[in-house]
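Chains as they are written, first to last, in the working numbering: chain R, 45 to 331; chain F, 377 to 734; chain D, -19 to 259; chain W, 3 to 595.
Ideal placement from N, C-alpha and C gives every residue a C-beta, glycine not left out.
In this text, all values refer to a predicted model and were calculated from it rather than measured experimentally.
Structure record follows, encoded as C-alpha cells.
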Amino acid sequence: MAGGPSRALLDEIASRPGRDTFVSSVIKGAFITLSLLFLAALLFAPLITVFATALSKGFEMYFNSFADPDTIAAIRLTLITAAIVVPTNTVFGVAAAWAIAKFEFKGKSILITLIDLPIAVSPVISGLIYVLLFGMQGWFGLWLQEHDISIVFALPGIILATMFVTFPYVARELIPLMQQMGNDEEEAAITLGAGGIMTFFHVTLPKIRWGLLYGVILCNARAMGEFGAVSVVSGHIRGLTTTMPLHVEILYQEYNFVGAFAVASLLTLLAVLTLIIKSLIEWRQKT
Amino acid sequence: MNLSPSLRTAFVTLLSILTLAGCGSSDDKSVTLLNVSYDPTRELYRDFNEDFARQWQQQTGQRVTIKQSHSGSGSQARAVIDGLDADVVTLALAYDINSIQEKGKRLGANWQTRFPNNSAPYTSTIVFLVRKGNPKQIRDWPDLVREGVSVVTPNPKTSGGARWNYLAAWGYELHRQLGDWSKLDDPANAAQVEEAQASAERFVGEIYRHTPVLDSGARGATNTFVQREIGDVLIAWENEALLALKELGPDKVEIVIPSITILAEPPVAVVDTVVDRRGTRQIAEAYLQHLYSDAGQELAAKHYFRPRKPEILAKYGELFPTLPTFTIDEVFGGWSAAHAKHFADGGVFDRIYQAGAQ
Amino acid sequence: MSSFRQPSILPGFGLTLGFSVFFLCALVLIPLAALVMKTATMGWDDFLNVLFDPRVLASFRLSFGASLLAATLNGIFGFVIAWTLVRYDFPGRKLIDALIDMPFALPTAVSGIALTAVFAENGWIGEHLAPFGIKVAYTWIGVVVALTLIGLPFVVRSIQPALVEVQRDLEDAAETLGAGRFTIFRRIILPTVTPALLTGFTMAFARGVGEYGSVIFIAGNLPMKTEIAPLLIVIKLEQFDYVGAAAIGFLMLVISFVMLLSINLLQTWGRRRHVAAGR
Amino acid sequence: MSITLDQVTKRYQGSPVVNDVSVDVGEGEFFVLLGPSGSGKSTLLRAIAGLTGVDHGRIALHGRDVTHISARQRGVGLVFQNYALFRHMTVGDNIEFALRVRRMKAADRLARRKELLRLVALEGMDDRLPTQLSGGQQQRVAVARALAHKPQVLLLDEPFGALDAKIREELRRTIRQVQRELNITTVLVTHDQEEAFALADRIGVMNLGRLLECGKPDELYARPATRFVATFLGAANLLLARQTAQGIRFGATPVNIRALEKIDGTREHEVVAVLRPEEIELAPTRDNLRVNYMGLGVVEEMVFTGALERLRVRLTNGAAEAQITPPGDAAASTAMLEVTRTQHEQRTFPVTLGQSVALGVRRIHVLPTPLSSYTVCATQKAAAERLASHPFLTELASRMKTRIATRTEPALAEGTDAETPISGVAVVTPGVDTAKQIEWLLRNGAAEVLVLPEQLLPPQRVLIHWANDAARRPTLAVAASLLRHVSAEAVYVGILPEGASDTQRPVGMRTLLDARSEAQAMHGLEMRTELRFGSAAEELRRQLNDAPDQMLILGISDLADLHQNFAALFSTPPPFALMVVYRPAGSSGANER
C-alpha cells in the first residue's frame, strides 16, 4: 500500500517561497480534521462500540464467553474453513496472476472481470447458487443424497460459499503487482536454463511475496468474517455448522450481548492483527 | 515464502487446538437427532434436550445427542426443503411445515394429526411490551393507532412471529366489527363480513403506518425496542415478551395484555424421509411425544410457553392469565388460506405498503 | 494459439490459464449458471412481472441509489482521506492508514450491529443528530452510512497509489507554468486521479449494491421505503420463491458484471496508453 | 545579469545540500551545472525555479529579487527530467497550458502554439496525446511548453537522461538552436561532462553542495584548480610531485618542464600534478622521446576505441612512487598511468601488451590548491598506524582523493633532522611538547602540520587565525581547500592586543574586512569574522575550550612564533584539531586561489 510523504519532501514543500503558510496550514488542518471526523463517525465509533460492549461486564465475563463449547466449536469451524479456503484461493490467485500478468491473450479483460465478479455478487446470491446446485431441489441434489454426500448445510457448503466470496482477493492483489514488475527477470531466468517451477520459486516469488502475503491476509480476514453467504448454506446447526459470524448473530439473538460482542471483538482483533502484520510487511518491505 | 519460526509456532498451536477441540466422541451405541427449530425456542430446547436425553438413556440405555438448529422459521423450512437433514422440525407456523410437505415432499400430508392438539404441544399468545410505567397508556389494540404512538413489529414477510402479530390485530378488528365469530361462516352476513374485513385491513394498515422499523426477525425487533429504545410498544409473542422482561430488565419494560388475541400454535413434526433413511423414527417420535409429558410441559412453561396440560397451565396461572383467544382455523380458515390472502406476493400486506407509498 | 496469444518464452501459460479457467468455472461460473438457468425457468412475462413489481423497483431504486450516494460520498471523502494520508504527516497517520482496511476484515453483521448502536437515536452519534431532526438508523440514510463504510477501503486504496506516483512532478510543472493551487487541482490532479477514482467508485458501488449483512440491521426494512434488493431476495426465499429470488439476483448480477467489465476495459485501455508512454 | 545567486544555502534536516553558492549567469548565456548525483545541482535548479526555498542567500532574476517569490510568479520555464507532461492533455493543450492560465485569447494562443511547435520541429502534432509520442518528441513538447509563456530564463533538469545516445545528440542540437534563436538565458543540469562541453558557454562544477569552479569549458579542462574538477572533467592522472625552483620533480626523476602556471615561492614543496592521458607520449626508449622524459613503464592494458587507443601503463621506474594511491586501495598501489594515443601516434610506434616503453609528457598542470597528501608521523610504527586510521583523517583523505602515508620517525622525539624531507601535510597526535614537534616537522619539509587528538568528532566550527600579514594568503588558501571537504562553519578571529590604542582599532577592523573579502573573492570561502582583544593564544584557547568539536587553522611565517606568541595553545596537549600553516617570510607560499 501507499506510504506517506517523506520528511524531505514535506520540508521542501514547506520551504517554498511565496507559499502562504497560513492558508497551507488551514487547508492541511481542514483535510486532517475532515478525514478524522469522517473516520471517527464511520469506523472508530463502531469499533469502540464492539469492545465497549464486550467488556461492559468486566474482563472475567469477557473471557468466560470463550469457554462456551458452542463458541469453541464456532471458532474451530471458522479456522478449518479458513485453513482450506485460503491456501486454495492462494494457489488459484498465483496461477491466475501468472497467466494474466505474464502473457498477452485475447479475452483478458473478460477473465479479469470474471475473477472480480464475486466482489460484486450479493452475498445472499453467493450462498443461494450453491443451494441451487447442491440442494435437494437443485441439479445434483438427488444424486448427492443417493450417495449420502452432504454439501450444503455441512462443511463443504460453507467452504464453497466462503471460497466464492474470497475468490478474487489474492489474484486482485497480485495481478497489478506482477504486471508492474514486468517479465525481464523471468525471461532472464529461462534463458539461463531454469525451468518454470524453479523460475517461479526463485525469481517471481521473492519479488511478489509481500504482496502475496497481503492478499492472503485480506483473503483470510474476509474468509473468517463472511456472514451473508455462509448464512444461506449453513443450516445453523449449533456447534456444528455455525461459523464465528453466525455465532455472533446467535448470541446476539439470545440477548447475550457480552458474548456476541466478545466473539465479534475476537474477529475484530483478528482484523487488527491482520493489519498489524500488514504494517510489518510494509515496514520490512521498505528496509 | 518462508514462515518465520514464531509464525510456525503459532500455526502449530492453532492446529493442536483444532485437534483437541475436534475430539468429539462418537461410539456406536449413541444416536444423534437434529431438531430444526426457530429462533425463540433456543432456550426451551436446550433444557428439553438434556431432559429427554437423560430420560431416553434411562429407558433404553442408548445415548442420544440432539443437535439444534435455530433461525427464522421460514428459512429453516427452506433449509429442510433444500436438504437439511432434520429428524424433527419444531417451527413457528403450520404453514412452514406444510411447505416442507408440499414443496419438499419430505413428510406425510397428515402430519398435523399425528400428535395431539394439532401437533402443537405448547401455545402462546400475542401481547404488548411497553416502556416501564406505560407512559403512552397503551391498554388494547386501538391504542396502537393513536396519534403519536409508534409500534415495533418484525416484517411478516421474513418473520413467522410477525405473521401472528399481524393476524392477531386483524382478528381483533374483525371481532370488534362483527361481535361474534359465527357470523364469518354464515353466508347471510356476507356483506357485513366484507365490510368488517375491509375495516380490518384499514386497521392493520394503520398499525404498519405507525411502524418505523420492520426488523427481519422477532429477536431483532425486541432488540430494537429495548436496546435502541425505538417505539412505544412492541407487539410480541407472550413467551418472547416474558423472556425479554427477564433478560433485559423488568425496570425497563412491562407487559400489557390486550382484550382479545390470537392463539399461537407452534407445531412440531417428524420428517419422514429423514427418519426412515436414518432409522431414527422411533426416537424422533418419542422425542416429540416427550413434549406432551409432564416434564416436557413443565419445561415449556418454564420457558414461557403455555403448556397444553390444564393442570400445569393452572400451576403457572400467575404467569399466564386467561384471556379470550381465537385460532387461525376459526378466523382465517387455516394457514394456507391466510398466507395466500395476506402474505403472498401481491397479498394484503404488500397492498398496505404499496398503497402507503403512493 | 499464436493468434490467441502473443508469443512469450515464459512457460506455464497453458497450465496456469487452464487451472485458472477450470477453477473459475467450477467455483464461479457453473454455480452462477445455475442461477441463470433457474431464472430461465420462468417465462419472459413472469420475469418482467418480477422486475416491474413496484416493490422490486423500489428496492432497486434504494439499493442502487444508496450505493451511488455512498460511492459518491466515498469518492469525495475517500479522496480527502487518501490525500491526507499521502500528503500530510501527522501523529497517528500510520495507524489510520492501517485501519482503512478494517471494513474488509470486519464481519458485515458486526459492522451492521455496531453502526446501528452508534447511529440509533440513543447512540453516541444518533443522540446528537436527533435534536436536529436527523434520523440515521432505520432510514435510507442508515443504508447509505452502512454502504459507505463497506465501500471506503475500495476507494481509498485505489486513489492512494495514483496520488503517490506521478503527481509531484506534474504539479511542480504546472506551478512553474503559473498555475495556482485551485487550477492545479482542477486541471492536473483531478484528471490524473480520475481513472483510479473511477475504479474505486465502481468497486464500492458494486459491492454496495449486493451488501446484505450490515444493511439489514440499520435499514429499517420498510417495504417501498428502506427495503434493499438483497433483502427482497431473502424475502422471496422465505416464501420458497426460488425463481423470483434468482430473477432479482440475476438482474443484479448482470448490472454488476457490466459495470465491472467496463472498468476493467477502461483500466486495460489506460494501461495500454501508459505502456505506450514508457516505450 | 540574468540570474544572480548570492550565497545560496539550502539544508535538509540540518545538513547543507546546497552550500553557499554564488554565481552570476549573463544575459543569453548557456550555463551548465555539472556534478555527480547528490551534488546538489538539481536542488539548486529547483531553488532558481522557486520549487524549493533557500535557507540563506538571495536569488535574483534580471535584477529582480525573487528569493521570496513563488514559482508561479517567477516566470521561469522548467523542463523536467521525466518530461512531466500532462498525459490527459494533447500536445497542443500542454503547450497552451501556461497561456490558458494567463487567460490569453484563443487566437493568440493558437499562434504561439504554432510558433513553438515549429521551433521544436513538431509541426502538426497538436492533437496527439503525449503517450503517442516517442521519448525524444515528448522532450521537445516539454521544451515547447516551458517556453510558451516567454520565460525570462529556461531551466533544464537532466533533460536527456532517459534518451538514447543518438536522439540525445539530435535533441542537444535542437536545444542549442532554440536557445540561440531566442537568446534566452539557460541553465542546464547534468552529470554528463560530454554534454556539458557540447552545450555550455560556461560550466559550473558542483560537488557536495558546493560550487567548486566556474569557467569556460576549455579553460576548466586545461587548468582546473581542484582535484575534483580535474578528475570529473575527463580522465586525468594525478601525481604527487615536488615543486622546485628548477621545475617539477616526480620522486627522484626531474622532469625538465615547467608547469604552465607561474609558480612562485622559493621553498621546495609538494604539489599535485595533473597529466591528461593525451599529453603523455610513448617511445621505445628514452632517447626516442620528443618530449620530456618522465619514466619507464610496461603496457598492461590496451583498448581500441575507434579514433583513439586507450592504454594503461604501469610505471616501473621514475615517477612510480609519486602516484597517488586511492585511499584504502592497497592492491592498486602499483602506479598506473592512463594514456590515450591518436591513430597517428599508434602508427608511428605500435605497442603490444607487456612491452616496455619510455614515457614522456608534453604538458603538466599543477593544481594551485595546497594540501597535497597526508603523512602520518610518529616515533613508533603502531602509533603511526593507529593515527593513520583516524576516522576524521581517513574521511578527509577520501573526500580529497589523496593518500595517507605513514612514517616512523624516531628523530621526532630526539630533534635530529630527518633523513628525507617530509612531504605534504604532516599529521601527529598531540603530546607533551606539541610545539616542538610541529617545529621539527615544519623544519623538515612539511608544508602544514595537522595535530589530531585521538578522540575527535568532525568539527562543526573552524577558527582561522594568522600570526601576521605574511601568513594571511597561504592560511586562507589552506582554509578554503580544507573547508571544501568539511561541512563546518568558518570563523576568522582577529585579535588585537589588550589596550590597543584608538588608532589601532580601525586598522584591526579593516584587516578583518579585508580578510573576509579576500577569502570570498579568491577562494569562494564564506567566513564570519570576529574581533577580540587580548593575548592571541589565550583568546584562541578560551574560544576553543568554550565548545567541543572545533578546529583551529593557524598561519605562521616564523617558526619562533610557536614558542613566543602561541605557547599558551600548547601548554597542555590540545584537545582540538589544529592545522598549522607555515610559509617562511619572503615567499608567498602556495599559489593563490
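Alpha carbon to alpha carbon, how far is D:A256 from R:Q223?
The predicted model places D:A256 with a pLDDT of 45, which falls under 50 and marks its position as unreliable; any figure quoted below should be read in that light. Approximately 14 Å, taken between the alpha carbons.
ask   = Pick from W:A523, W:E29, W:D563 and W:V582: whose alpha carbon is nearest that of W:T188?
value = When each option's Cα is compared against that of W:T188, the closest is W:E29.
inquiry  = Could you give the first and the last residue of the continuous alpha helix (DSSP H) run that contains W:E411?
reply    = Where W:E411 is concerned, there is no enclosing alpha helix (DSSP H), given that its DSSP letter is neither H nor E.
Problem set entry | Proximal residues to D:Q247 (C-beta, below 6 Å), its chain only, five neighbours per side dropped | No residues qualify anywhere along the chain.
(request) Please list the segments of the alpha helix (DSSP H) lying wholly inside the segment 631 to 676 of chain F, counting only runs of 4 or more residues, in order along the chain. (result) List check, alpha helix (DSSP H) in window: 648 to 654 and 657 to 666.
Q | For R:T206, the nearest candidate out of R:L87, R:S109 and R:V277 (CA to CA) | A | Considering only alpha carbons, the answer is R:V277.
Give the secondary structure of D:W24 by DSSP, where H, G and I count as helix, E and B as strand, and everything else as coil.
D:W24 sits in a helix when the DSSP states are folded into three classes.
- Task: Would you list, in sequence order, the uninterrupted alpha helix (DSSP H) runs of no fewer than 4 residues that lie entirely inside the segment 212 to 295 of chain R?
- Result: Taking only runs of at least 4 residues, the alpha helix (DSSP H) segments lying wholly in the segment 212 to 295 of chain R are 212 to 225, 228 to 235, 240 to 243, 249 to 269 and 272 to 278.
- Per DSSP, R:S68 forms a beta bridge with which residues? Assignment of beta-bridge partners to R:S68 by DSSP yields no partner.
- Within 10 angstroms of the Cβ of D:H108, are there 16 or more other Cβ atoms? Answer buried if so, exposed if not. Flag for D:H108 reads exposed.
field: For D:A117, the nearest candidate out of D:S138, D:I93 and D:I130 (CA to CA)
entry: Nearest option by C-alpha distance: D:I93.
Practice item. Output yes or no for whether 8 Å exceeds the beta carbon distance between F:L664 and F:V644. Key: Pairing F:L664 with F:V644 gives a Cβ-Cβ distance under 8 Å.
- prompt: Does DSSP classify W:N21 as helix, strand or coil?
  reply: Looking at W:N21 - three-state DSSP - the assignment turns out to be strand.
>> Please list, in chain order, the residues of the segment 476 to 506 of chain F that have any C-beta partner in chain D closer than 8 Å.
In response: Within the segment 476 to 506 of chain F, the residues whose Cβ lies closer than 8 Å to some Cβ of chain D are K479, listed in chain order.
Alpha carbons only, please: which of D:F220, D:I215, D:A153 and D:V30 is nearest the one belonging to F:D591? It is D:I215.
query = Less than 7 Å between the CB of F:V707 and some heavy atom of the ligand NAP, yes or no?
reply = Because no ligand of any kind appears in the structure shown, any question about the ligand NAP cannot be addressed here.
Practice prompt. Write down every uninterrupted run of the alpha helix (DSSP H) in the segment 411 to 453 of chain F whose length is 4 residues or greater and which is fully enclosed by it, in chain order.
Written response: If we require 4 residues or more, the alpha helix (DSSP H) runs fully inside the segment 411 to 453 of chain F come out as 418 to 436.
Quick check: what's the CA-CA separation for F:D472 versus F:A429?
In this model, F:D472 and F:A429 are separated by some 27 Å (Cα to Cα).
Can you find a CB in chain D that lies within less than 8 Å of the CB of F:V589? Taking Cβ atoms only, chain D reaches closer than 8 Å to F:V589, which makes this a yes.
Between the beta-carbon of W:E121 and the beta-carbon of W:A146, is there less than 8 Å? One detail in the question is off: residue 121 of chain W reads as Leu in this sequence, not Glu. Yes. Within cutoff.
Simplified DSSP state of W:S136, which is helix, strand or coil:
Judged by DSSP in its simplified three-state form, W:S136 adopts coil rather than helix or strand.
Q. Do you know how far the Cα of W:I205 is from the Cα of W:L561?
A. C-alpha of W:L561 to C-alpha of W:I205: approximately 42 Å in a straight line.
May I have a chain-ordered list of the alpha helix (DSSP H) segments no shorter than 4 residues that lie completely inside the segment 42 to 103 of chain D? For the segment 42 to 103 of chain D, the full-length alpha helix (DSSP H) segments reaching 4 residues or more read 73 to 79, 82 to 85 and 88 to 99 along the chain.
- Identify each residue in the segment 190 to 214 of chain R for which the Cβ-Cβ distance to at least one residue of chain D is less than 8 Å, and report them in chain order. The segment 190 to 214 of chain R vs chain D, Cβ under 8 Å: L204, M207, F208 and F211.
Notebook entry, point to check: What residue does the alpha helix (DSSP H) around W:G59 start on, and which one ends it?
Noted result: Counting along the chain, no alpha helix (DSSP H) covers W:G59; the unbroken beta strand (DSSP E) around it starts and ends at H58 to L63.
From W:Y584, W:A482, W:H525 and W:M529, residue whose alpha carbon lies closest to that of W:G496:
That would be W:M529, whose Cα lies nearest to the Cα of W:G496.
* Asked: Can the beta-carbon of D:S194 be found closer than 8 Å to that of D:A97?
  -> No, they are not a contact pair.
Fill in: Own chain, CB closer than 8 Å to W:L298, minus 5 neighbours either side, in chain order
If we look at W:L298 and ignore the five residues flanking it on each side, its Cβ neighbours are R288, L317, T318, N319, G320, S358, V359, A360 and L361.
Cα separation between F:E419 and F:P642? Taking the straight line joining both Cα atoms gives about 15 Å.
Q) Taking all protein chains shown into account, do 16 or more other C-beta atoms lie within 10 angstroms of the C-beta of R:E104, making it buried, or fewer, making it exposed? A) So R:E104 counts as exposed.
- Query: Of the residues that make up the segment 55 to 75 of chain W, which ones have a beta carbon closer than 9 Å to any beta carbon in chain R?
  - Reply: Residues of the segment 55 to 75 of chain W with a C-beta atom less than 9 Å from some C-beta of chain R are G55, V56, D57, I61, V68, T69, H70, I71, S72, A73, R74 and Q75, listed in chain order.
Cβ-Cβ distance between D:F44 and D:I198 below 8 Å = Not closer than 8 Å, so no.
- Per DSSP, what kind of secondary structure is W:V341 in: helix, strand or coil? Under the three-state reduction of DSSP output, W:V341 falls in the strand class.
Check whether the segment 680 to 692 of chain F and the segment 525 to 532 of chain F touch, using three or more Cβ-Cβ pairs below 8 Å as the test. No, they do not touch.
Distance check for F:P497 and F:L639, CA to CA, integer angstroms please.
One C-alpha to the other measures close to 13 Å.
Can you tell me whether DSSP reads W:I406 as helix, strand or coil?
W:I406: strand per DSSP, three-state reduction.
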